[in-house]
Amino acid sequence: MLEKNYIFLLWIYIFWFLGSVLLVSLHIIPPELTAVQSLFLVFTGVFAAVFFIMQYGKWLGSAITLLIFVVSTCIEWMQLS
Numbered sequence: 009m010l011e012k013n014y015i016f017l018l019w020i021y022i023f024w025f026l027g028s029v030l031l032v033s034l035h036i037i038p039p040e041l042t043a044v045q046s047l048f049l050v051f052t053g054v055f056a057a058v059f060f061i062m063q064y065g066k067w068l069g070s071a072i073t074l075l076i077f078v079v080s081t082c083i084e085w086m087q088l089s
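Start counting the sequence shown at 9; every next residue gets the next number (this note's numbering).
Spelled out as C-alpha cells, the structure:
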C-alpha cells in the first residue's frame, strides 16, 4: 500500500514538473515559479527520491535522484534567470 502511494506521488511529480516546463516554454505561464509550485515540487521530489531508493536500491536510486535534482535545478535556474 505504501508503495502505491509513492508511485502515485511520483507520477504527480513527473506530470506537474513536465507540465510546468511545457507551459513555461510555450509562454502560457510566466517563468517565475510561484511559492506553491516550488513547495509542491520540493515535497513530491522528496517522496520521489524515497521511492526510487526503495524501488531500485541504494546506488541506482541515488543516481536517479541526483539526475532528477540536477535537471530540475538547472531548469528552475533557467526559469528564474
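No residue lacks a Cβ here, since even glycine has one placed at the ideal position from N, Cα and C.
Rounded to a whole number of angstroms, what is the C-alpha to C-alpha distance between I72 and G53? Numbered from its first residue, the sequence shown carries residue 72 at position 64. Numbered from its first residue, the sequence shown carries residue 53 at position 45. Cα-Cα distance, rounded: 12 Å.
Under 8 Å by Cβ, that's how I've got L49 and S70 pegged, so tell me the actual separation to the nearest angstrom. Within the sequence shown, residue 49 is the residue found at index 41, counting from 1. Within the sequence shown, residue 70 is the residue found at index 62, counting from 1. Not a contact, Cβ separation roughly 19 Å.
Here's the rule: buried if 16 or more other CB atoms are within 10 angstroms of the residue's CB, otherwise exposed. What is L18? For the purposes of this step, residue 18 is taken as the residue at position 10 of the sequence shown. With 16 or more Cβ atoms within 10 Å of its Cβ, L18 is classed as buried.
Please check the pair F59 and I15, which I expect to be a contact at CB under 8 Å, by giving their CB distance rounded to whole angstroms. On the sequence shown, residue 59 is found 51 positions in, with the first residue counted as 1. On the sequence shown, residue 15 is found 7 positions in, with the first residue counted as 1. The Cβ separation is near 7 Å, so the contact holds.
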